[in-house]
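Working notes for the structure below.
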Amino acid sequence: MTTLTIHRLQNKQGTSLELLNYGATLYRVLTKDKNGELRNIILSLSSPEAYLTQKTYLGASIGRVAGRTSQGVWGAHQLERNEGLNHLHGGTIGFESRYFSAQPFKTENSQGVTFSYDSPDGENGYPGNLHAEICYTLYEDNHFTIEYTGETDATTLFNPTNHAYFNLSGETTIAQHVLSVKSTAYLPINAENLPSDSIHSVTDTGFDLQSPAPLSEILTKPDIKADNGLNHPFMLEEKATQIHLASSKSGIDLQIGTTYPCAVLYTGSHFNNDFQLDNGHAVSPYAGIAFETQFPPDAIHHPAFGDIQLHPGEKFHAKTSYQLGIF
């Protein structure tokens, strides 16, 4: 399938997901604000067709491996080096730039689309023929899930995520959003945005996000400001809700829970008015915040981060849930 297709899911509360088969992309999430007005709560390009020519990662599925792999090296395997000497987000043409096949489905209280892609042996340096599926499901209680599965015929690496940037208010930045993260540990990053070699406690650092605080306050903490905003992996506690984002302007809140052990929080500091959003505005720094649920980046070089190897006969599975609400 090399034709762009759009898939729309809508529940009885009026919330809808718009999905693209290109990149198994979450194109738009429309939900009602406190005034009953529909609002797109993620950053989206000006049209579905724009995703074919503008590489922004907005809402895209990322794979085979999300984040950076130092030197692009895994044992005897050399992955494509597409960010300096490192490997980023699965390669120059990763999942975000591949056409997926799509299979819509419905149940009594949900509807969804399962996207599938067969990544051939050697693609971007990865061994093994990998069959990957990414399933979006929208439920009547106003939550949606993204579920990842994968199988391979030779040992490979697999650590997929989604790269949606959330903005619940429609303002040009997320400064007035309130954020909390159930995390007692994080990974510092170096100048290449690779994590350090150890997991650090958030105690007595600006990375202690356990209590709700506005992002305007979080982003001015000295150690976060020194890194030009958030682009850091947070190790998550095993709770139903691990991340909470809210906007008093729209009255929308978002609660995220995942089976993954980590989420990379990224506040889009690289945005530089370099592309146009669907609201007609050029994208600016801190226009949205991404919650990239995954194993920590560069996990293959750090055993404490978790094992992202997938072996023949195994089936990879991970799931992230997004609960929408009004306050």
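Residue numbering for the sequence shown follows the numbering used here, beginning at 124 and increasing consecutively.
Ideal placement from N, C-alpha and C gives every residue a C-beta, glycine not left out.
Can you pull the DSSP bridge partners for residue i?
{"i": "H323", "result": "Y309"}
{"i": "F330", "result": "BP columns for F330 are empty, so no partner."}
{"i": "S239", "result": "S224, E256"}
{"i": "E206", "result": "N209"}
{"i": "L145", "result": "First, the residue type needs correcting, since residue 145 is Tyr and not Leu in the sequence shown. Per DSSP, Y222."}
{"i": "L433", "result": "T279"}
{"i": "Q365", "result": "Answer is none; Q365 lacks a bridge partner."}
{"i": "L377", "result": "L368, L447"}
{"i": "P318", "result": "I312"}
{"i": "Y389", "result": "N354, A413"}
{"i": "T154", "result": "R162"}
{"i": "L140", "result": "L132, V152"}
{"i": "H440", "result": "T272"}
{"i": "K229", "result": "Q234"}
{"i": "Q201", "result": "V196"}
{"i": "A405", "result": "Q399"}
Our contact map puts residue i next to residue j with C-beta atoms below 8 Å; I'd like the distance itself, whole angstroms only.
{"i": "Y383", "j": "T443", "result": "7 Å"}
{"i": "G380", "j": "F450", "result": "With 8 Å as the limit, G380 and F450 do not qualify as a contact, their Cβ atoms being about 18 Å apart."}
{"i": "Y222", "j": "N144", "result": "6 Å"}
{"i": "L175", "j": "V406", "result": "Contact doesn't hold; Cβ gap of about 18 Å is too wide."}
{"i": "L280", "j": "Q432", "result": "6 Å"}
{"i": "D119", "j": "T328", "result": "Not covered by the structure: residue 119. The range shown for the chain is 124 to 450."}
{"i": "S339", "j": "A298", "result": "4 Å"}
{"i": "I322", "j": "M358", "result": "6 Å"}
{"i": "V387", "j": "P408", "result": "Contact flag wrong, Cβ pair sits at about 18 Å."}
{"i": "R191", "j": "N313", "result": "Actually they are not in contact, since the Cβ atoms of R191 and N313 sit about 10 Å apart, beyond 8 Å."}
Compute the Euclidean distance between the alpha carbons of residue i and residue j, then round it to the nearest angstrom.
{"i": "F228", "j": "L132", "result": "10 Å"}
{"i": "H210", "j": "K135", "result": "42 Å"}
{"i": "F330", "j": "S303", "result": "10 Å"}
{"i": "T343", "j": "Q417", "result": "26 Å"}
{"i": "N263", "j": "G198", "result": "The question names Asn, but residue 263 is Glu in the sequence shown. Computed Cα separation, rounded: 46 Å."}
{"i": "F398", "j": "L168", "result": "8 Å"}
{"i": "Q194", "j": "L208", "result": "5 Å"}
{"i": "Y150", "j": "P171", "result": "7 Å"}
{"i": "P426", "j": "E415", "result": "20 Å"}
{"i": "Y271", "j": "Y240", "result": "12 Å"}
{"i": "Q234", "j": "T260", "result": "6 Å"}
{"i": "A441", "j": "H130", "result": "22 Å"}
{"i": "S139", "j": "A173", "result": "20 Å"}
{"i": "A336", "j": "H300", "result": "8 Å"}
{"i": "D376", "j": "E360", "result": "20 Å"}
{"i": "G403", "j": "G293", "result": "11 Å"}
{"i": "H200", "j": "N163", "result": "41 Å"}
{"i": "S224", "j": "A147", "result": "9 Å"}
{"i": "N285", "j": "D320", "result": "24 Å"}
{"i": "C258", "j": "F267", "result": "10 Å"}
{"i": "L127", "j": "S220", "result": "11 Å"}
{"i": "T307", "j": "I366", "result": "13 Å"}
Look up residue i in the DSSP assignment and say whether it is helix, strand or coil.
{"i": "F357", "result": "strand"}
{"i": "I257", "result": "strand"}
{"i": "N163", "result": "strand"}
{"i": "G195", "result": "helix"}
{"i": "D397", "result": "coil"}
{"i": "P171", "result": "helix"}
{"i": "A427", "result": "helix"}
{"i": "A422", "result": "helix"}
{"i": "Y383", "result": "coil"}
{"i": "Y288", "result": "strand"}
{"i": "Y262", "result": "strand"}
Which first and last residues belong to the beta strand (DSSP E) in which residue i is found?
{"i": "E274", "result": "266 to 275"}
{"i": "D346", "result": "It is not in any beta strand (DSSP E) - D346 instead sits in the alpha helix (DSSP H) that spans 345 to 348."}
{"i": "S339", "result": "That residue, S339, is in no beta strand (DSSP E); its alpha helix (DSSP H) goes 338 to 341."}
{"i": "D244", "result": "Unbroken run through D244: none, as it is neither H nor E."}
{"i": "A183", "result": "A183 -> no beta strand (DSSP E), and no H or E assigned at all."}
{"i": "S303", "result": "301 to 304"}
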